[in-house]
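K.L.:
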Amino acid sequence: MAEKIVMPQLGESVTEGTISKWLVNIGDKVNKYDPVCEVITDKVNAEVPSTVSGTITEIVVPEDETVAVGTLICWIVVEDQAVTPVEAKMSDLAHNECAHGVTNDVTNDMTTQAAMQPRYSPAVLKLAQEHNLDLSQVQGSGIAGRITRHDVLEMLQGQRQAVATSVPTSELPSKPSQPIKSAREMPKPSISVDALSTTANAPLHQADETIPITAIHKTTAKRMVKSKEEIPHAWLMVECDVTNLVRYRGQIKEEFKRKEGVHLTYLPFFIKSVVEALKEFPALNSQWADDHMIVKKSVHISIAVANDVALFVPVIKDADQKNILGLAKAVDDLVKKTKDGRLTLEDITGGTFTINNTGSFGSILSAPIINPPQVAILSVEAIVKRPIVIDNMIAIRDMMNICLSLDHRVLNGLVCGRFLKSVKQKIESYGTDTDTGLYS
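Pasting the structure below:
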């Protein structure tokens with residue numbers, strides 16, 4: 000019997016998801032719980048597991064297509080029952096119809112009709128209806144010739160010609176019959192098309208390269224635009240003298256690597272300082288919820304980590320319960336998972352405050368965008384040697400800037416200034432003569 004795999008609900012309030020990559024092909028055999036595809040939502044990215052063991056017989060939703068939670072995305076037939084989805088569905092239909100006295104001829108006609116009917120995603124149907132586009136003129140570039148939203152946009156923008164052959168369009172909702180128009184004869188796309196894709200207006204030269212926007216890029220862009228549109232950002236910066244920390248780390252890092260098996264970077268010291276300051280100023284460890292604030296009891300630190308494909312924000316859970324060693328191991332584990340593409344839903348959800356280590360690639364100043372529903376994000380910048388005046392004398396010190404973006408609906412400059420001052424004092428307190436909390 001054919002089994003459905005549907006778009007799962009990957010998180011609270013998540014209503015839709017985008018198939019970013021299929022991990023299987025038609026004809027592949029899978030075991031129960033094997034991942035079949037990768038899905039991106041506005042909150043997470045995750046793998047969708049198979050609910051049964053069997054053979055993939057049809058992939059319904061192509062890559063980069065966004066569908067609602069609960070939408071059928073592929074068919075799987077259990078072992079030794081490999082029939083096509085259409086056959087399986089019509090078999091069930093035939094059983095029901097026969098029970099009501101309908102003849103086999105009717106069933107056969109319906110089987111033939113169903114097999115000839117192409118399927119379109121909701122996004123493709125919506126675009127076609129908005130612009131009176133006959134989908135039978137569109138050559139699909141998706142799996143098994145399926146028409147994608149990108150195909151429709153190119154037709155509307157006159158970037159491709161209509162195909163000569165036609166296929167039935169009976170699945171389209173009824174619209175007044177209109178003569179078929181070629182791409183050249185079609186009216187100019189309305190403003191809604193430009194809103195969906197502005198690349199058509201970008202001047203291209205012969206040496207230019209066009210790179211398709213992936214689903215994860217779209218998700219990141221959507222979240223960042225939403226953050227800047229809805230959150231009134233304000234920004235503060237202070238500088239820290241990390242000379243003592245640099246000296247201390249230099250003395251112990253080789254032994255630490257030999258004993259613990261992980262590199263001792265500066266980031267665990269910064270995370271520990273921030274976590275301790277969040278305990279003093281819990282308003283920064285809160286969330287905005289329209290008509291109220293939620294001050295979070297747990298301290299789960301999100302850290303921004305990028306690989307060659309995109310930016311991810313995995314989470315160190317209960318960071319306030321870890322020492323420097325525990326934080327170093329947690330950072331090392333999450334960075335490796337990000338680079339290897341092994342992050343799970345659990346790894347990337349639940350963050351209450353974000354730290355962005357922009358200094359790792361040489362930045363000395365930044366204004367990071369808040370990761371909603373959090374209310375603040377802190378960036379730690381590059382450590383650079385600079386001449387500093389101390390007691391009316393010039394000294395060469397290791398200096399670093401720390402920058403804080405805050406949600407001005409929730410936080411003000413006073414509490415955030417005090418928070419930054421506390422973080423600065425804690426970072427500057429690390430040294431060879433202090434208890435650094437390395438193992439305690």
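Using numbering that gives the first Met the number 0, the first residue of the sequence shown is number 0, and each one after it goes up by one. A virtual CB, placed ideally from N, CA and C, is assigned to each residue, including glycine.
Quick check on the burial criterion: 16 or more other C-beta atoms within 10 angstroms. Buried or exposed for Ser272?
P.N.:
Position 273 of the sequence shown, counted from the start, is the residue given in the question as residue 272. Classification of Ser272: buried, given that the 10 Å Cβ count is 16 or more.
K.L.:
Please report the distance separating the alpha-carbon of Gln250 from that of Val224.
P.N.:
Counting from one through the sequence shown, the residue named residue 250 turns up at place 251. Counting from one through the sequence shown, the residue named residue 224 turns up at place 225. So the alpha carbons of these two residues sit roughly 44 Å apart.
K.L.:
To the nearest angstrom, how far is it from the Cα of Leu403 to the Cα of Ile389?
P.N.:
As a first step, residue 403 is located in the sequence shown; it is residue number 404 there, counting from the start. As a first step, residue 389 is located in the sequence shown; it is residue number 390 there, counting from the start. When rounded, the distance between both Cα atoms is 26 Å.
K.L.:
Just verifying my parser: in three-state terms, what is the DSSP assignment at Gly361?
P.N.:
The sequence position of residue 361 within the sequence shown is 362, counting from 1. Gly361: coil per DSSP, three-state reduction.
K.L.:
Extract the residue ranges of the beta strand (DSSP E) inside the region 17-51, only unbroken runs of 3 or more that lie entirely within it.
P.N.:
DSSP runs (the beta strand (DSSP E)) wholly in the region 17-51: 34-39, 44-48.
K.L.:
Tell me, to the nearest whole angstrom, how far the beta carbon of Glu2 is from that of Val68; I am working on the premise that it is less than 8 Å.
P.N.:
The sequence position of residue 2 within the sequence shown is 3, counting from 1. The sequence position of residue 68 within the sequence shown is 69, counting from 1. That belief does not hold up - the Cβ atoms of Glu2 and Val68 are roughly 18 Å apart, past 8 Å.
K.L.:
Using a Cβ-Cβ cut-off of 8 Å (strictly less than) and excluding sequence neighbours within five positions of Val38, which residues of its own chain qualify?
P.N.:
If you number the sequence shown from 1, residue 38 lands on position 39. Counting only Cβ-Cβ distances below 8 Å, and skipping sequence neighbours, we find Met6, Pro7, Leu9, Gly16, Thr17, Ile18, Ser19, Asn44, Ala45, Glu46, Val47.
K.L.:
Near Leu342, what residues of its chain come up, given a Cβ to Cβ distance below 8 Å and the 5 sequence neighbours on each side ignored?
P.N.:
Position 343 of the sequence shown, counted from the first residue, corresponds to residue 342. Counting only Cβ-Cβ distances below 8 Å, and skipping sequence neighbours, we find Asn44, Phe311, Pro313, Leu333, Lys336.
K.L.:
Starting from Asn243 and walking both ways along the alpha helix (DSSP H), at which residues does that stretch end?
P.N.:
Reading the sequence shown from its first residue, position 244 is the one you call residue 243. Where Asn243 is concerned, the enclosing alpha helix (DSSP H) stretches over 242-259.
K.L.:
What residues are listed by DSSP as bridge partners for Arg385?
P.N.:
By one-based count along the sequence shown, residue 385 stands at place 386. DSSP lists Arg396 as partners of Arg385.
K.L.:
Could you pull out every residue in the same chain whose Cβ sits closer than 8 Å to the Cβ of Val298, ignoring the five residues on either side in sequence?
P.N.:
Numbered from 1 along the sequence shown, position 299 holds the residue referred to as residue 298. Closer than 8 Å at the Cβ level, and outside the excluded window around Val298, lie Val274, Leu277, Lys278, Asn284, Asp317, Ala318, Asp319, Thr351, Phe352.
K.L.:
Tell me, please, whether the region 204-214 touches the region 372-385 by the rule of three or more beta-carbon pairs shorter than 8 Å.
P.N.:
Touching, no, given that fewer than three Cβ pairs across the two stretches are closer than 8 Å.
K.L.:
Since Val35 and Ser49 should fall inside the 8 Å C-beta cutoff, what is the C-beta to C-beta distance between them, to a whole number of angstroms?
P.N.:
For the purposes of this step, residue 35 is taken as residue 36 along the sequence shown, with counting starting at 1. For the purposes of this step, residue 49 is taken as residue 50 along the sequence shown, with counting starting at 1. Their Cβ separation, rounded to whole angstroms, is 5 Å, which keeps Val35 and Ser49 in contact under 8 Å.
K.L.:
Got a sec, what are the start and stop residues for the beta strand (DSSP E) Ser226 sits in?
P.N.:
In the sequence shown, counting from the first residue as 1, residue 226 sits at position 227. Here Ser226 belongs to no beta strand (DSSP E); instead the alpha helix (DSSP H) covers 214-229.
K.L.:
Asn400 and Glu238 look like a contact to me (Cβ under 8 Å); what is the Cβ gap, rounded to whole Å?
P.N.:
By one-based count along the sequence shown, residue 400 stands at place 401. By one-based count along the sequence shown, residue 238 stands at place 239. Sure, about 5 Å apart at Cβ, within 8 Å.
K.L.:
Give me whichever residues DSSP pairs with Lys3 in a beta bridge.
P.N.:
Numbered from its first residue, the sequence shown carries residue 3 at position 4. Answer by DSSP bridge pairing, in chain order: Trp74.
K.L.:
Using the C-alpha atoms, what's the distance from Glu208 back to Lys234?
P.N.:
Walking along the sequence shown from the start, residue 234 turns up at place 235. Walking along the sequence shown from the start, residue 208 turns up at place 209. Note that residue 234 is Trp in the sequence shown, not Lys. Cα to Cα, the separation comes out at about 36 Å.
K.L.:
Since Thr337 is in the beta strand (DSSP E), which residue starts that stretch and which ends it?
P.N.:
Taking the sequence shown and counting its residues from 1, one reaches residue 337 at position 338. Where Thr337 is concerned, there is no enclosing beta strand (DSSP E), although the alpha helix (DSSP H) it sits in stretches over 323-339.
K.L.:
Which of the three DSSP states is assigned to Cys97 in this structure?
P.N.:
For the purposes of this step, residue 97 is taken as the residue at position 98 of the sequence shown. Low confidence applies to Cys97: its pLDDT is 38, below 50, so where it sits in the model is not reliable, and the reading given next is rough at best. Looking at Cys97 - three-state DSSP - the assignment turns out to be helix.
K.L.:
Is Gln286 helix, strand or coil when you go by DSSP?
P.N.:
Stepping through the sequence shown from its first residue, residue 286 is reached at position 287. Three-state result, Gln286: strand.
K.L.:
Inspect the beta-carbon positions of Asp406 and Pro281 and report whether they are closer than 8 Å.
P.N.:
Here residue 406 refers to the residue found at position 407 when the sequence shown is read from its first residue. Here residue 281 refers to the residue found at position 282 when the sequence shown is read from its first residue. Against a cut-off of 8 Å, the Cβ pair of Pro281 and Asp406 comes out as no contact.
K.L.:
For Val417, I'd like the list of residues in its chain whose CB is within less than 7 Å of its CB, leaving aside the five on either flank, ordered along the chain.
P.N.:
Taking the first residue of the sequence shown as position 1, residue 417 is located at position 418. Note that residue 417 is Arg in the sequence shown here, rather than Val. Excluding sequence neighbours, Arg417 sits near Phe280.
K.L.:
How is the beta strand (DSSP E) around Arg55 delimited, first residue to last?
P.N.:
Counted from its first residue, the sequence shown places residue 55 at position 56. Note that residue 55 is Ile in the sequence shown here, rather than Arg. Counting along the chain, the beta strand (DSSP E) containing Ile55 begins and ends at 53-58.
K.L.:
My output table needs one value for Leu152: the three-state DSSP class, helix, strand or coil.
P.N.:
The sequence position of residue 152 within the sequence shown is 153, counting from 1. Correct three-state label for Leu152: helix.
K.L.:
Taking the C-alpha atoms as reference points, what is the distance between Leu71 and Met0?
P.N.:
As a first step, residue 71 must be located in the sequence shown, where it is residue number 72. As a first step, residue 0 must be located in the sequence shown, where it is residue number 1. Going by the C-alpha atoms only, they are around 16 Å apart.
K.L.:
According to DSSP, simplified to helix, strand and coil, what is Phe268?
P.N.:
Locating residue 268 in the sequence shown gives position 269, counting from the first residue. Helix, per DSSP.
K.L.:
Among Pro367, Pro372, Ile395, Ile58, which has the Cα closest to the Cα of Val76?
P.N.:
For the purposes of this step, residue 76 is taken as the residue at position 77 of the sequence shown. For the residues Pro367, Pro372, Ile395, Ile58, the minimum Cα distance to Val76 belongs to Ile58.
K.L.:
Are the Cβ atoms of Asp397 and Thr242 separated by less than 8 Å?
P.N.:
The residue labelled residue 397 in the question sits at position 398 within the sequence shown. The residue labelled residue 242 in the question sits at position 243 within the sequence shown. Yes. Within cutoff.
K.L.:
Does any CB atom of chain C fall closer than 8 Å to the CB of Glu345?
P.N.:
This model lacks chain C altogether; it includes just one protein chain.
K.L.:
Tell me the rounded alpha-carbon separation between Ile25 and Arg145.
P.N.:
Numbered from its first residue, the sequence shown carries residue 25 at position 26. Numbered from its first residue, the sequence shown carries residue 145 at position 146. Going from the Cα of Ile25 to the Cα of Arg145 covers about 14 Å.
K.L.:
Below 8 Å CB to CB, which residues in the same chain sit around Lys256 once its five sequence neighbours on both sides are set aside?
P.N.:
In the sequence shown, the residue the question calls residue 256 occupies position 257. Here the set comprises His262, Leu263.
K.L.:
Are the Cβ atoms of Ile354 and Ile393 separated by less than 8 Å?
P.N.:
Walking along the sequence shown from the start, residue 354 turns up at place 355. Walking along the sequence shown from the start, residue 393 turns up at place 394. No, the Cβ-Cβ distance between Ile354 and Ile393 is not below 8 Å.
K.L.:
Does the separation of the CB atoms of Ser135 and Ile368 fall below 8 Å?
P.N.:
Locating residue 135 in the sequence shown gives position 136, where the first residue counts as 1. Locating residue 368 in the sequence shown gives position 369, where the first residue counts as 1. No, these two residues do not count as a Cβ contact at 8 Å.
K.L.:
Hey, how far is the Cα of Ile426 from the Cα of Ile4?
P.N.:
If you number the sequence shown from 1, residue 426 lands on position 427. If you number the sequence shown from 1, residue 4 lands on position 5. Those two C-alpha atoms are separated by around 50 Å.
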